[in-house]
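Engineer:
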Amino acid sequence: MAQKTSAVRQVQIRSEGISCGYPSRHCKGPRARRRNGKLHRFCEYNRDKVNLHQRALEERR
Numbered sequence: 176m177a178q179k180t181s182a183v184r185q186v187q188i189r190s191e192g193i194s195c196g197y198p199s200r201h202c203k204g205p206r207a208r209r210r211n212g213k214l215h216r217f218c219e220y221n222r223d224k225v226n227l228h229q230r231a232l233e234e235r236r
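Going by my numbering, the sequence shown opens with residue 176, and the numbers climb by one from there.
1) What whole-angstrom Cβ distance do GLY204 and TYR220 have, given they're in contact under 8 Å?
2) Give the secondary structure of ARG208 by DSSP, where H, G and I count as helix, E and B as strand, and everything else as coil.
3) Could you tell me the alpha carbon to alpha carbon distance between ARG236 and GLN229, rounded to whole angstroms?
4) For SER194, collect the residues of the same chain with a Cβ closer than 6 Å to its Cβ; drop the 5 residues on either side in sequence, then sort them by chain order.
In structure tokens, the structure reads:
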């Protein structure tokens, strides 16, 4: 049963898309993983970049 669950999870990951979803340019980096095992929308590089910009915006407010 564990093997079947693992296989189902792998299919779900593939169907979600494993490439970064950064909208401004095409990024082929793999999506980062969350602590709960699910996928973030962006790769690590683009997550860091977006978070940096978000923090700068919050400081200006």
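Built from N, CA and C at the ideal position, the CB exists for glycine as well.
Structural biologist: The structure says:
1) 6 Å
2) strand
3) 11 Å
4) LYS203
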